[in-house]
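A.B. asks:
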Amino acid sequence: ERIAFFAAFAIFSVSIVAASISFFLSGTERVPAFGGSYSEGMVGYPRFLNPVYSSTSDVDRDIVSLLFSGLIYYDFNEGFVPNLIEGISEEDGMTVLRLRDDLRWSDGERMTAKDVVFTIRVLQDPEYRSPLRPDWVGIGVEEISDLEVGFRLEQPSVAFINKLSLKIIPKHIWEEVPPQNFALSRYNLDPVGSGPYRIKSSTEEREGIVTSIVLEPNPHYHGKAPYIEEISILFFGNEEDVLAAARRGEID
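The sequence shown begins at 175 in the numbering used here and counts up by one.
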């Protein structure tokens, strides 16, 4: 009788625990939490945290994707999704994009159609030597209003929508920098952007090589605030050094 009692009691206890866990899991939902930190190692060193030049480097391109925003972005489930814009229309053979009215750069300055026009004209100007220039040859761009930009294509192109993922640079930062000094500006490593993050700090060696960058959420970001409070990116000269850092627990 004693054995039967304890066996029944054990079964009863396990059943209560299992029922409680089942009730908890069915009545709650796992959701992300704000805060925490994440560290990543990359092979290579940042040079151009600037959408005008970043397309030729994996390191630059990955970081630029966190610091800058495009007019649209591609989502694997939803396709092309408006980002800096709230709508696209066709007027007299012109594609018109209307920007959101709540856009701010990471320094607090307002973003307008002037920034979009400035960015595209920089890309189109051969003096700036942007690798993206071929994508924008033959496309006219003009400021229609403070928040509207018009595009005219020499020839219709179904690929034009892809080009609108272009990340925009701030005119008030770059307009005084001449083309020959564009690639030398300090803003290439200390950028003002409109993405979910901004640079909090960076570490350089004597030779001017950036060895680490710390990112923090951009308080002026127009989208949903990012969950991760701090992202640390460490740069290495080769894959062996990255793996060694991972084994030492220096990167996630």
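Each residue gets a CB set at the ideal place from its N, CA and C atoms; glycine is no exception.
Are there three or more Cβ pairs, one per stretch, closer than 8 Å when the segment 342-358 is compared with the segment 209-227?
C.D. replies: Verdict: yes, contact present.
A.B. asks: Using a 10 Å radius around the Cβ and a threshold of 16 neighbouring Cβ atoms, would you call Ala207 buried or exposed?
C.D. replies: By 1-based counting over the sequence shown, the position of residue 207 is 33. Label assigned to Ala207: exposed.
A.B. asks: Out of Ala418, Leu389 and Glu414, which one is the CA nearest neighbour of Ser213?
C.D. replies: Stepping through the sequence shown from its first residue, residue 213 is reached at position 39. Of the candidates Ala418, Leu389 and Glu414, the one whose C-alpha sits nearest the C-alpha of Ser213 is Leu389.
A.B. asks: Taking Pro370 as the reference, which of Phe183, His394, Ala357 and Val296 has the closest Cα?
C.D. replies: Here the question's residue 370 lines up with position 196 in the sequence shown. Comparing Cα-Cα distances from Pro370 to each of Phe183, His394, Ala357 and Val296, the minimum goes to His394.
A.B. asks: Report the three-state DSSP secondary structure of Pro177 (helix, strand or coil).
C.D. replies: Stepping through the sequence shown from its first residue, residue 177 is reached at position 3. Position check: residue 177 holds Ile in this sequence, whereas Pro was assumed. Note: Ile177 maps to helix in three-state DSSP.
A.B. asks: Restricting to Cα atoms, I'd like to know which of Lys341, Leu340, Gly382 and Ser339 is closest to Arg360.
C.D. replies: As a working mapping, residue 360 is identified with position 186 in the sequence shown. Of the listed residues, the one whose Cα sits closest to Arg360 is Gly382.
A.B. asks: Would you report the Cα separation of Val416 and Arg380, rounded to the nearest angstrom?
C.D. replies: Here residue 416 refers to the residue found at position 242 of the sequence shown. Here residue 380 refers to the residue found at position 206 of the sequence shown. Between Val416 and Arg380, the C-alpha separation is close to 21 Å.
A.B. asks: Please report the Cβ distance between Gly282 and Arg272, rounded to the nearest whole angstrom; I am assuming they are in contact, meaning their Cβ atoms lie under 8 Å.
C.D. replies: Walking along the sequence shown from the start, residue 282 turns up at place 108. Walking along the sequence shown from the start, residue 272 turns up at place 98. Gly282 to Arg272, Cβ: 22 Å. No contact.
A.B. asks: Going along the chain, which unbroken runs of the beta strand (DSSP E) with 3 or more residues stay wholly within the segment 183-251?
C.D. replies: Counting only runs of 3 or more, we get 211-217 and 246-249.
A.B. asks: Expressed to the nearest angstrom, what Euclidean distance is found between the alpha-carbon atoms of Val217 and Phe409?
C.D. replies: The residue given as residue 217 occupies position 43 in the sequence shown. The residue given as residue 409 occupies position 235 in the sequence shown. Each residue's Cα considered, the two are about 6 Å apart.
A.B. asks: Using only the alpha-carbon positions, how far apart do Val238 and Ile405 sit?
C.D. replies: As a working mapping, residue 238 is identified with position 64 in the sequence shown. As a working mapping, residue 405 is identified with position 231 in the sequence shown. Val238 and Ile405: Cα-Cα distance of roughly 14 Å.
A.B. asks: What distance in whole Å lies between the Cβ atoms of Ile294 and Val311, which are believed to be in contact at a cut-off of 8 Å?
C.D. replies: Here residue 311 refers to the residue found at position 137 of the sequence shown. Here residue 294 refers to the residue found at position 120 of the sequence shown. In fact, because the Cβ distance is near 11 Å, the residues do not count as touching under 8 Å.
A.B. asks: Write down every uninterrupted run of the beta strand (DSSP E) in the segment 378-417 whose length is 3 residues or greater and which is fully enclosed by it, in chain order.
C.D. replies: Counting only runs of 3 or more, we get 384-391 and 404-410.
A.B. asks: How far does the beta strand (DSSP E) with Ile347 in it reach, from first residue to last?
C.D. replies: Taking the sequence shown and counting its residues from 1, one reaches residue 347 at position 173. No beta strand (DSSP E) contains Ile347, which is instead part of the alpha helix (DSSP H) from Lys345 to Trp348.
A.B. asks: What first and last residue would you give for the alpha helix (DSSP H) that runs through Val296?
C.D. replies: Position 122 of the sequence shown holds residue 296. Ala287 to Gln298 is the span of the alpha helix (DSSP H), which, as asked, contains Val296.
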